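J.: Protein sequences, first through last, are from chains A and B. Heads up, the first sequence is in the numbering used here, so the first residue is 21 and it goes up one at a time. Heads up, the second sequence is in the numbering used here, so the first residue is 21 and it goes up one at a time. Beta carbons: idealized from backbone N, C-alpha and C, even for Gly. As the structure is a prediction and not an experimental result, all values here were calculated from the model. Handing you a structure now.
There are 2 protein chains.
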Amino acid sequence: MTKSKTIWQTTNGWRLETVDLQRPDGQLEQKGIVRHPGAVVLVPLTAAGEVLMLHQYRLALDREIIEVPAGTRGWEEDWLLCAQRELREESGHRADHFIELGDLWPAPGVSDELMKLFLATELTPDPLPQDFDEDISVRPYPLPELVTMALDGRLQDAKSVAAILRAHHHLEASNNQ
Amino acid sequence: MTKSKTIWQTTNGWRLETVDLQRPDGQLEQKGIVRHPGAVVLVPLTAAGEVLMLHQYRLALDREIIEVPAGTRGWEEDWLLCAQRELREESGHRADHFIELGDLWPAPGVSDELMKLFLATELTPDPLPQDFDEDISVRPYPLPELVTMALDGRLQDAKSVAAILRAHHHLEASNNQ
């Protein structure tokens with residue numbers, strides 16, 4: 021494998037690198053690798069048992085999708101500070117309690133992105149401004165309805181499927197103790 | 021939004037495009053969008069109730085991970101033919117029965133990739149050659165163990181977490197009918 025080469029980078033987020041792999045026939049094949057600072061994924065749960073979900077326009081899909089709040093970490097940013105910042109930017113709430121729900125790789129075939137998942141509780145309205153290119157509305161959904169949507173395919177965002185099902189499992193296990 | 025521009029493309033898979041978005045201050049900010057032909061994700065279930073999982077080296081992460089068989093579709097390839105091909109290439113088995121488990125977007129913030137998930141049953145050994153750059157070993161895991169791993173974070177691959185939990189839910193629902 022030869023050294024990697026940076027092809028393109030965002031202002032302060034991920035960058036695309038390429039490496040050349042040698043094929044069995046001796047030819048080189050160029051592979052793309054996304055280098056990513058990581059992201060946080062939040063399940064903001066209200067005292068009433070509802071999750072604050074986003075209806076968000078996604079440019080890559082050219083449509084609005086339903087997903088949990090999430091956001092890219094700064095390269096050197098603390099994970100928990102990032103979680104608090106993104107929660108305030110995207111859901112307009114801060115949380116006084118965060119519970120880790122494990123990690124995810126969203127696209128290990130092309131990217132080194134690591135996502136850290138959190139259940140966020142004890143919510144209080146405390147908004148931060150959204151990014152200029154975000155088009156988000158916040159809507160509460162009962163957690164059991166989201167579990168059904170994750171399992172029957174109505175929820176299609178991969179990180180949201182994993183986060184909702186892990187949050188539900190965590191709460192069930194806590195209630196049974 | 022200005023027209024998109026192709027920055028880089030793989031031999032026959034995804035390509036990176038950029039678009040310029042105008043910021044509120046009038047400056048342009050370049051956004052990257054991955055255009056992707058889509059992928060299939062398989063849960064190959066044996067008659068003994070085990071799932072054929074892969075231990076696969078991933079270049080982007082520079083480590084081996086545990087995941088379900090999956091693979092990129094050709095741009096014009098039929099989804100079910102793609103599922104059968106990838107299953108034979110990666111698990112060494114063909115399946116006589118496929119059940120759809122809904123769709124996923126692995127990375128809607130940057131990519132238009134759509135994944136179609138399938139439960140694959142009635143397996144028979146029938147391998148196809150692996151891609152030259154794949155380093156895969158196939159290992160059967162009991163489905164209940166994988167469900168626990170998906171929920172407690174030991175399974176970190178996002179598509180695998182969703183696919184395993186949807187497959188388990190489908191089988192539970194079928195058994196209760």
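#1: Any C-beta of chain C within less than 9 Å: which residues of the stretch 121-147 of chain B qualify?
#2: At a CB-CB cut-off below 7 Å, which residues of chain A make contact with B/Leu41?
#3: Could you tell me which residues DSSP puts in a beta bridge with A/Thr141?
#4: Taking the C-alpha atoms as reference points, what is the distance between A/Gly46 and B/Asp153?
#5: Could you tell me which chain A residues have their CB closer than 8 Å to the CB of B/Thr26, listed as they occur along the chain?
#6: So, for A/His188: in the same chain, excluding its five sequence neighbours on each side, which residues have a beta-carbon less than 7 Å away from its beta-carbon?
#7: Kindly confirm or deny that the stretch 48-55 of chain B and the stretch 112-126 of chain B touch, where touching means at least three C-beta pairs closer than 8 Å.
#8: By Cβ distance, which residues of its chain are closer than 6 Å to A/Ser131, with the 5 residues on each side in sequence left out?
#9: Return the chain-ordered list of same chain residues with a C-beta closer than 6 Å to the C-beta of A/Cys102, the five sequence neighbours on each side being excluded.
#10: Mind listing which residues of the stretch 158-191 of chain B have their C-beta closer than 7 Å to chain A's C-betas, in chain order?
#11: Hey, A/Pro89 and A/Glu106: beta-carbon distance below 8 Å or not?
#12: Just checking: is the beta-carbon of A/Arg78 within a distance shorter than 8 Å of some beta-carbon in chain B?
#13: Would DSSP call B/Arg186 helix, strand or coil?
#14: Can you grab the Cα-Cα spacing for the pair A/Gly173 / B/Ala170, in whole Å?
#15: Residues in its own chain within less than 8 Å of B/Gln197 by CB, not counting five upstream and five downstream?
#16: What's the C-alpha gap between B/Gly91 and B/Tyr161?
#17: So for B/Leu23, helix, strand or coil by DSSP?
#18: For B/Glu87 versus B/Ser180, is the C-beta distance shorter than 8 Å?
#19: Nearest chain B C-beta to A/Glu84 closer than 8 Å, yes or no?
#20: Less than 8 Å between the beta carbons of B/His190 and B/Leu143, yes or no?
#21: Residues of the stretch 103-116 of chain A in Cβ contact with chain B at a cutoff of 8 Å, in chain order, please.
#22: Would you call the CB atoms of B/Gly58 and B/Glu133 closer than 8 Å?
#23: In the DSSP assignment, what residue or residues form a beta bridge with A/Gly91?
#24: Beta-carbon of B/Gly46 versus every beta-carbon of chain A: anything under 8 Å?
#25: Note down, in chain order, every chain A residue with its Cβ under 7 Å from the Cβ of B/Glu49.
#26: Leaving out the 5 sequence neighbours to the left and right, which residues in its chain are closer than 7 Å to A/Arg186 when beta-carbon positions are compared?
#27: Going along the chain, which residues of its own chain have a beta-carbon closer than 7 Å to the beta-carbon of A/Ala183, five neighbours each way excluded?
#28: In this structure, how does DSSP classify B/Glu70 when only helix, strand and coil are distinguished?
#29: Can you look up A/Thr30 in the DSSP assignment and give me helix, strand or coil?
#30: Considering only their Cβ atoms, is the gap separating B/Ala127 from A/Ala127 smaller than 8 Å?
#31: Short check: CB of B/Ser157 to CB of B/His75, under 8 Å?
#32: Within the same chain, show all residues whose beta-carbon is closer than 6 Å to that of A/His117, passing over the 5 residues directly before and after it, in chain order.
#33: Is there a Cβ of chain A sitting closer than 8 Å to that of B/Ile5, yes or no?
#34: By DSSP, does B/Arg128 sit in helix, in strand, or in coil?
#35: Who are the Cβ neighbours of B/Ile27 in its own chain at under 6 Å, not counting the five residues just before and after it?
#36: Can you tell me where the beta strand (DSSP E) holding A/Arg43 begins and where it ends?
T.: On the basis of the supplied data:
#1: No chain C is present in this structure, whose protein chains are A and B.
#2: As a working note, residue 41 of chain B is residue 21 in the second sequence. Listed by position along chain A, the residues whose Cβ is nearer than 7 Å to that of B/Leu41 are Asp153.
#3: One-based indexing of the first sequence puts residue 141 of chain A at position 121. A/Thr141 pairs with A/His117.
#4: Along the first sequence, one-based indexing puts residue 46 of chain A at 26. Along the second sequence, one-based indexing puts residue 153 of chain B at 133. The straight-line gap from Cα to Cα measures roughly 13 Å.
#5: The residue given as residue 26 of chain B occupies position 6 in the second sequence. Against chain A, the beta carbon of B/Thr26 has no neighbour under 8 Å; the closest one sits roughly 11 Å away.
#6: Indexing the first sequence from 1 puts residue 188 of chain A at position 168. Closer than 7 Å at the Cβ level, and outside the excluded window around A/His188, lie Leu163, Val167.
#7: The answer is no - the stretch 112-126 of chain B does not touch the stretch 48-55 of chain B, with fewer than three Cβ pairs under 8 Å.
#8: Residue 131 of chain A sits at position 111 when you count from the first residue of the first sequence. Contacts found: Val54, His56.
#9: The sequence position of residue 102 of chain A within the first sequence is 82, counting from 1. These residues qualify, in order along the chain: Val60, Arg93.
#10: Hits within the stretch, in order: Leu171, Asp172, Gly173, Gln176, Asp177, Ala178, Lys179, Val181, Ala182, Leu185, Arg186, His189.
#11: In the first sequence, counting from the first residue as 1, residue 89 of chain A sits at position 69. In the first sequence, counting from the first residue as 1, residue 106 of chain A sits at position 86. A contact, by the Cβ cut-off of 8 Å.
#12: Within the first sequence, the letter at position 58 stands for residue 78 of chain A. Residue-level contact check: A/Arg78 touches chain B, since one or more beta carbons of chain B fall below 8 Å from its beta carbon.
#13: By one-based count along the second sequence, residue 186 of chain B stands at place 166. In this structure, DSSP gives B/Arg186 a helical state, which the three-state scheme calls helix.
#14: Residue numbering aside, residue 173 of chain A sits at position 153 when the first sequence is read from its first letter. Residue numbering aside, residue 170 of chain B sits at position 150 when the second sequence is read from its first letter. Approximately 17 Å between the Cα atoms of the pair.
#15: Taking the first residue of the second sequence as 1, we reach residue 197 of chain B at position 177. Closer than 8 Å at Cβ, skipping near neighbours: no residue.
#16: Taking the first residue of the second sequence as position 1, residue 91 of chain B is located at position 71. Taking the first residue of the second sequence as position 1, residue 161 of chain B is located at position 141. Between the alpha carbons of B/Gly91 and B/Tyr161 lies a distance of about 20 Å.
#17: What you label residue 23 of chain B is simply residue 3 of the second sequence in a count that begins at 1. Here residue 23 of chain B is Lys; the residue named in the question, Leu, does not match the sequence. Of the three classes helix, strand and coil, the one that applies to B/Lys23 here is coil, per DSSP.
#18: By one-based count along the second sequence, residue 87 of chain B stands at place 67. By one-based count along the second sequence, residue 180 of chain B stands at place 160. Judged by their CB atoms, B/Glu87 and B/Ser180 are nearer to each other than the 8 Å cut-off.
#19: Locating residue 84 of chain A in the first sequence gives position 64, where the first residue counts as 1. A/Glu84 does not count as touching chain B.
#20: For the purposes of this step, residue 190 of chain B is taken as residue 170 along the second sequence, with counting starting at 1. For the purposes of this step, residue 143 of chain B is taken as residue 123 along the second sequence, with counting starting at 1. With contacts defined by Cβ atoms closer than 8 Å, B/His190 and B/Leu143 do not form a contacting pair.
#21: Those residues of the stretch 103-116 of chain A that come within reach of chain B (Cβ to Cβ, closer than 8 Å) do not exist; the list is empty.
#22: Translated into the one-based positions of the second sequence, residue 58 of chain B becomes position 38. Translated into the one-based positions of the second sequence, residue 133 of chain B becomes position 113. Judged by their CB atoms, B/Gly58 and B/Glu133 are nearer to each other than the 8 Å cut-off.
#23: Counting from 1 along the first sequence, the entry for residue 91 of chain A is found at position 71. Residue pairing by DSSP places A/Gly91 opposite A/Val60 in a beta bridge.
#24: Within the second sequence, numbered from 1, the residue matching residue 46 of chain B stands at position 26. Output row for B/Gly46: interface = no.
#25: Numbered from its first residue, the second sequence carries residue 49 of chain B at position 29. At a C-beta separation below 7 Å, B/Glu49 has these neighbours in chain A: Thr31.
#26: As a first step, residue 186 of chain A must be located in the first sequence, where it is residue number 166. Cβ within range, chain order: Leu121, Gly122, Leu137.
#27: Within the first sequence, numbered from 1, the residue matching residue 183 of chain A stands at position 163. Excluding sequence positions up to five before and after A/Ala183, its CB lies within less than 7 Å of the CB of Val61, Val63, Val88, Leu121, Leu137, all in the same chain and listed in chain order.
#28: For the purposes of this step, residue 70 of chain B is taken as residue 50 along the second sequence, with counting starting at 1. B/Glu70 falls in the strand class under three-state DSSP.
#29: By one-based count along the first sequence, residue 30 of chain A stands at place 10. Coil at A/Thr30, not helix or strand.
#30: What you label residue 127 of chain A is simply residue 107 of the first sequence in a count that begins at 1. What you label residue 127 of chain B is simply residue 107 of the second sequence in a count that begins at 1. Closer than 8 Å, so yes.
#31: Counting from one through the second sequence, the residue named residue 157 of chain B turns up at place 137. Counting from one through the second sequence, the residue named residue 75 of chain B turns up at place 55. Here B/Ser157 is near B/His75, since their CB atoms are less than 8 Å apart.
#32: On the first sequence, position 97 is the one that residue 117 of chain A refers to. Once the five neighbours on either side are set aside, the close Cβ partners of A/His117 are Thr141, Glu142.
#33: Here chain B has residues from 21 to 197 only, and residue 5 of chain B is not among them.
#34: Looking up residue 128 of chain B in the second sequence gives position 108. The residue you asked about is not Arg; residue 128 of chain B is Pro in the sequence shown. Three-state result, B/Pro128: coil.
#35: As a working mapping, residue 27 of chain B is identified with position 7 in the second sequence. Sequence-distant Cβ neighbours of B/Ile27 in its own chain, meaning closer than 6 Å and more than five residues away, are Leu36, Thr38.
#36: The residue labelled residue 43 of chain A in the question sits at position 23 within the first sequence. Run containing A/Arg43: none; DSSP gives neither H nor E here.
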